[in-house]
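Structure record follows, encoded as C-alpha cells.
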Amino acid sequence: MDNSPPQDDQGQPPVPAPVPMTRPEAAPEPRPTPTPAQASAHAPVAEAELRASDADRERVAELLRDAYAEGRLDVDEHAERIEAAYAAKTLGDLVPLTRDLPSHRPVSFEKPPVDASAPRPTGPVQLPAREEAPSIVAIFGGASRKGRWRVGSHLKVAAVFGGVEIDLSDAVFESPEVVIDVLSLFGGVEIRVPENVSLHGGGIGIFGGFDVKEQTAADPYAPVVRVKGTAIFGGCDAKPRRGKKLKEWVRKQLGVD
C-alpha cells in the first residue's frame, strides 16, 4: 500500500474566482437643457390671452348697452363696439371696449363661487343671440331669418325670383332704429315685427305691391323699424305680429318695462 500524499494533477489550469452578479453603477446621463420654445410652452398663460367665452362677450355687451342708454356712446360708436365685442377672441380684446367709459366697472372674468343655498333657475336657459350678416339674399329660392338673433341698425334684403321671410319677434335689438332696405324683383318679402315696437315706412311698387302697416308704440323708448325699397313685379308685406312682444332692447336698461 502506497501511503505517500496525493500528487496534484499536472497540466490542469487553476480555477478562477467567482464573478460577482451585481453590475457597477453607471454614471447618470446629463439631462438636456430645455430650449426657450419648450420653456414657453409650459409657462402659464396670461389672463389677457385666455380665450373669451360667450358669457364674457355678453357681459361686455351689457356694459356697452348701459353706456349707450346713458348717452355716453352714439349710435356708430355703440354699433362698432358691440361688433368688436362679439368678434373678440381673447379677454384682452374685450377690456379696451369699456376702459374709457366714466361708469366703467372692472369686468371680472372669474366665475363667482356657487352658492348652494341660492335658488336655481327653473325656466329654460336663455342662449346668447346668434350673430347674422346684415343682408339677406334669395335668388331663385327662399331665405328666412327668425328666432333669437341680433339685429343691427341696417338690414338689406333682396328677393329675385324668390322669397324672403324676416321675423323680428324674438330678435335682440342692438339699435333704437332698424332700417330695412328691400328690393323685390319677381319675388316676395314678408316682414313681421313685435306688436310693441313702432313700424313705419313705405316703398315703390312697379307692377307689384309695397304694403307697410304702420303703427306707433305706446312706449317712447321702444325700437323703431323703418321699411323702404322697391317691388318690381313682386311684393313686400310688413306688419306687426299680434301676440308677440319684444323683451330685449337697448333702452330697456333705463328701467322702462
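To convert, take the position in the sequence shown, counting from 1, and add 7; that gives my numbering. Idealized CB from N, CA, C, for every residue including glycine. All values reported here derive from a predicted model rather than from experimental measurement.
Return the first residue and the last residue of the beta strand (DSSP E) that residue i is part of.
{"i": "ALA94", "result": "Per DSSP, ALA94 belongs to no beta strand (DSSP E); it is in the alpha helix (DSSP H), 82-94."}
{"i": "ASP174", "result": "170-174"}
{"i": "PRO188", "result": "Before going further, note that residue 188 is Asp rather than Pro in the sequence given. Start and end: 184-192."}
{"i": "ARG157", "result": "156-158"}
{"i": "ASP218", "result": "216-219"}
{"i": "LEU162", "result": "161-167"}
{"i": "LEU108", "result": "Here LEU108 belongs to no beta strand (DSSP E), and DSSP marks it neither H nor E."}
Counting C-beta neighbours from all protein chains within 10 Å, is the total for residue i 16 or more, i.e. buried, or is it exposed?
{"i": "LEU4", "result": "Within the shown structure, residues of the chain are numbered from 8 to 264, placing residue 4 beyond reach of any answer."}
{"i": "VAL200", "result": "buried"}
{"i": "LEU98", "result": "buried"}
{"i": "VAL82", "result": "exposed"}
{"i": "LEU80", "result": "buried"}
{"i": "ALA245", "result": "buried"}
{"i": "ALA123", "result": "Because ALA123 carries a pLDDT of 49, less than 50, the predicted location of this residue cannot be relied on, and the following value inherits that uncertainty. Exposed, because fewer than 16 other Cβ atoms sit within 10 Å of the Cβ of ALA123."}
What separation, rounded to the nearest whole angstrom, lies between the Cα atoms of residue i and residue j?
{"i": "ARG249", "j": "PRO183", "result": "21 Å"}
{"i": "ASN203", "j": "ALA59", "result": "34 Å"}
{"i": "GLY149", "j": "ARG106", "result": "43 Å"}
{"i": "LEU108", "j": "SER160", "result": "22 Å"}
{"i": "GLU69", "j": "GLY215", "result": "42 Å"}
{"i": "SER151", "j": "VAL189", "result": "14 Å"}
For the alpha helix (DSSP H) holding residue i, just list the boundary residues, first then last.
{"i": "LEU98", "result": "98-101"}
So what's residue i in DSSP terms, helix, strand or just coil?
{"i": "ALA53", "result": "coil"}
{"i": "GLU138", "result": "strand"}
{"i": "ARG248", "result": "strand"}
{"i": "LEU253", "result": "coil"}
{"i": "ALA68", "result": "helix"}
In its own chain, which residues sit with a C-beta less than 8 Å from the C-beta of residue i, not counting the 5 before and 5 after it?
{"i": "ALA55", "result": "THR97, LEU98, GLY99 and VAL102"}
If I measure Cβ to Cβ from residue i and keep anything under 7 Å in the same chain, skipping five residues before and after, which residues do I get?
{"i": "LYS259", "result": "For LYS259, the predicted structure reports a pLDDT of 46, less than 50, and the residue's modelled location is therefore unreliable. The matter cannot be settled from this model."}
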